[in-house]
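According to UniProt numbering, the sequence shown is numbered sequentially starting from 1.
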Amino acid sequence: MNYPIYLDYNATTPCAPEVVEAMLPYFQDHFGNAASKSHPYGWIAENAVEEAREKVANLIGARAKEIIFTSGATEAINLGIKGVFEAYLGEKQHFITAQTEHKAVLDTFAEVEKRGGEVTYISVDSLGNIDLEELEKSILPHTKMICLMWANNETGVIHPMDKIAHLAASKGIILMSDAVQAAGKIPVFTKGIHLMAISAHKLYGPKGVGALYVRHNHELPKPLAQIHGGGHEKGLRSGTLNVPGIVGFGKAAELRMKENESDGNRLKALRDQLEKGLLEIADTFLNGSQDSRLPHVSNIAFGGVEGEELLKRSNQKVAVSSGSACTSISPKPSHVLAAMGLDSDLGRASIRFSLGKNTTETDIKSTVDWVKKVVLELRKVSKINLIKNLND
């Protein structure tokens, strides 16, 4: 297939060749169940899992025993949030999150609300930043958790996690972070963090495997298991472990430890080149903060064009996303951009460009040329239609 240029690395990344190579033996040669304790097949699988656990822990500055493997970040988020809610069952409970969180977080909190929990969704400013004063004022005597993403998946905006962690610690509140877009891209830490969700396929590992960091030796309660049946993963997540996927996750984490700084610098330069070219188009705007954001992400609004057609035409030669939750009947603007105050038309006509390891300068030049062509042609058609409608 003649694929378009891929600039949707926030959606998923290709497995690094070294990751695939590391995984392959665990599909056939070393196919044992890591829970089989009585023979070498199980021992080899278990050793591979523990080596990977150490590598994943190193990526975020944790200890190996604090890593719980899951099927992905969505499961990790559900385990963290629902597990804490159930740990405090019987008490009055309040949680704080932001309007711009990933749907995995927002939908999970909606379920918590159905079960009787209170949730405050703090606002963001026009650049996507939270107000730390608003966050502090939102804390109630029965607040159990603050849950804020490390970096936004649509705009790349990075929250000040060090300050948030200090606030949570001063109030004795559990702090959870969805660090899916940050881990392996920028440095992250676990000091002051109680729970952290990460995912392999966002950092050149396989799909279907993620992890929840669970802080060890702390007086605040750990989440209660949401999947039962065997007591795997310290009783927090039962089920036969995905050994090849976990091995791949470990290898990907190891690679990102070595590559993320140099890769980030390269991608920032390419992203800046992309923005310089696209923002030359009149009535075009950057969504989100320019000061504190991921180095490989750019979200741009294109005024004067219809969003669905813009995305459709752009994707003929460049694979990108809008960040919108679209149905076949009615495309909706991104909830993130709406929370930032962007009007619905511009929200629908916004494109997220996310760069990655395989992105080249040629890709960027071709993307700028193609998107410029698409936008100008769509505006021309829109103008013709407007004149026609006025004449009619």
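C-beta: ideal position from N, C-alpha, C; glycine also. These figures come from a predicted structure and were not determined experimentally.
_Assuming contact is defined by CB atoms lying nearer than 9 Å, are Gly341 and Ala301 in contact in what I supplied?_
Here the question's residue 341 lines up with position 341 in the sequence shown. Here the question's residue 301 lines up with position 301 in the sequence shown. No, these two residues do not count as a Cβ contact at 9 Å.
_Run through the DSSP bridge pairs and tell me what Phe31 is partnered with._
For the purposes of this step, residue 31 is identified with residue 31 of the sequence shown, where counting begins at 1. For Phe31, which the question treats as bridged, DSSP gives no partner whatsoever.
*Assigned exposure category for Val374 - 16 Cβ within 10 Å defines buried*: Reading the sequence shown from its first residue, position 374 is the one you call residue 374. Looking at its Cβ environment, which holds 16 or more other Cβ atoms inside 10 Å, Val374 is buried.
*asked:* With a threshold of 9 Å between beta carbons, is Glu46 in contact with chain D?
replied: Note that chain D does not occur in the displayed structure, where there is just one protein chain.
*Quick one: residues in its chain with C-beta nearer than 8 Å to the C-beta of Val105, no 5 flanking neighbours on either side, listed in chain order?*
Residue mapping note: residue 105 aligns to position 105 of the sequence shown, counting from 1. These residues qualify, in order along the chain: Ile77, Ile81, Thr97, Cys147, Met149 and Asp178.
*Please classify Ile139: does DSSP put it in a helix, a strand, or coil?*
For the purposes of this step, residue 139 is taken as the residue at position 139 of the sequence shown. Three-state result, Ile139: coil.
*With DSSP run on the structure shown, which of helix, strand or coil describes Arg237?*
Walking along the sequence shown from the start, residue 237 turns up at place 237. Arg237 falls in the coil class under three-state DSSP.
*In terms of alpha-carbon separation, which member of Ser71, Ile5 and Asn2 lies closest to Pro206?*
What you label residue 206 is simply residue 206 of the sequence shown in a count that begins at 1. It is Ser71.
_3 or more residues per run - each beta strand (DSSP E) lying fully within the region 274-358_ = 284-286, 297-302 and 350-354
*asked:* Starting from Gly80, trace the alpha helix (DSSP H) in both directions and tell me its first and last residue.
replied: If you number the sequence shown from 1, residue 80 lands on position 80. Run containing Gly80: Ala73 to Ala87, per the alpha helix (DSSP H) assignment.
*Count the other CB atoms, across all protein chains shown, that sit within 10 Å of the CB of Phe285; report buried if there are 16 or more and exposed otherwise.*
Looking up residue 285 in the sequence shown gives position 285. By the 10 Å Cβ count, Phe285 comes out exposed.
*Hey, would you say Ser382 sits closer than 9 Å to Glu308, going by beta carbons?*
Walking along the sequence shown from the start, residue 382 turns up at place 382. Walking along the sequence shown from the start, residue 308 turns up at place 308. Their beta carbons are not under 9 Å apart, which means Ser382 does not touch Glu308 by this criterion.
_By alpha-carbon positions, which one of Gly172, Ser138, Ala182 and Lys191 ends up nearest to Asp162?_
What you label residue 162 is simply residue 162 of the sequence shown in a count that begins at 1. Out of Gly172, Ser138, Ala182 and Lys191, Lys191 has the C-alpha closest to the C-alpha of Asp162.
_Lys258 to Trp370 span [Cα, whole Å]_ = Position 258 of the sequence shown holds residue 258. Position 370 of the sequence shown holds residue 370. In a straight line, the C-alpha of Lys258 is about 34 Å away from that of Trp370.
_Determine whether the beta carbon atoms of Gly250 and Glu21 lie at a separation below 9 Å._
By 1-based counting over the sequence shown, the position of residue 250 is 250. By 1-based counting over the sequence shown, the position of residue 21 is 21. No, Cβ-Cβ distance for Gly250 and Glu21 is not below 9 Å.
*For Ala253, which residues of its own chain have a beta-carbon under 6 Å away from its beta-carbon, when the five flanking residues on both sides are left out?*
Position 253 of the sequence shown, counted from the start, is the residue given in the question as residue 253. The answer, listed in chain order, is Lys55, Val56 and Leu59.
*Give the DSSP-derived three-state secondary structure of His166 in the structure shown.*
As a working note, residue 166 is residue 166 in the sequence shown. If DSSP states are grouped into helix, strand and coil, His166 belongs with the helices.
*Could you give the residue range of the alpha helix (DSSP H) that holds Asp107?*
Counted from its first residue, the sequence shown places residue 107 at position 107. From DSSP, the alpha helix (DSSP H) with Asp107 extends over Lys103 to Lys114.
_Secondary structure of Val375, DSSP reduced to three states_ = Mapped onto the sequence shown, residue 375 falls at position 375. The answer is helix: DSSP assigns Val375 an H, G or I state.
_Given this structure, state the Cα-to-Cα distance separating Pro17 from Gly277, to the nearest angstrom._
Here residue 17 is taken as the residue at index 17 of the sequence shown, counted from 1. Here residue 277 is taken as the residue at index 277 of the sequence shown, counted from 1. Using only the alpha carbons, I get a separation of about 32 Å.
*What is the residue span of the alpha helix (DSSP H) that Met23 lies within?*
To locate residue 23, count along the sequence shown from 1; it is residue 23. Per DSSP, Met23 belongs to the alpha helix (DSSP H) from Pro17 to Met23.
_In this structure, how does DSSP classify Lys251 when only helix, strand and coil are distinguished?_
Counted from its first residue, the sequence shown places residue 251 at position 251. Helix at Lys251.
*Count the CB pairs spanning the region 258-275 and the region 128-140 that are closer than 8 Å, and state whether there are at least three.*
no
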